[in-house]
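Accompanying notes for the structure given below.
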Amino acid sequence: MTRPMLRAISPDASEEEVAAIVAAIAASSGGGAAPTPDPHLDEWMRAARLVSRRVGRVRGPWRFSGRVARRTRP
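According to the working numbering, the residues represented by the sequence shown are 744 to 817, in order.
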């Protein structure tokens with residue numbers, strides 16, 4: 744692969760010359776259409792977000808699993 748040679752634009756360049764250079768760089772950079780996302784990956788992300796979401800401030804049984812002889816209130 745050959746490295747492109749970059750040079751400074753002279754300060755005397757006209758607006759048309761600068762526009763032509765910018766257009767050439769934009770065309771060579773390959774700024775085409777964005778790739779469409781994979782629907783299979785979207786389903787994985789949706790499942791991961793559902794699992795990581797907290798459901799309110801519910802204390803699950805895991806919180807009390809290490810306690811021995813927890814008192815119950817009448």
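For every residue, glycine included, the Cβ atom is placed at its ideal position computed from N, Cα and C.
I need the straight-line Cα distance from S771 to E758, nearest angstrom please. 20 angstroms
If the criterion is Cβ atoms closer than 9 angstroms, does the pair E760 and I752 meet it? yes
Using a Cβ-Cβ cutoff of less than 8 angstroms, which residues in the same chain neighbour P780 once the five nearest sequence positions on both sides are dropped? none
For A767, report the span of its alpha helix (DSSP H) as first-last. 758–771
With DSSP run on the structure shown, which of helix, strand or coil describes L749? coil
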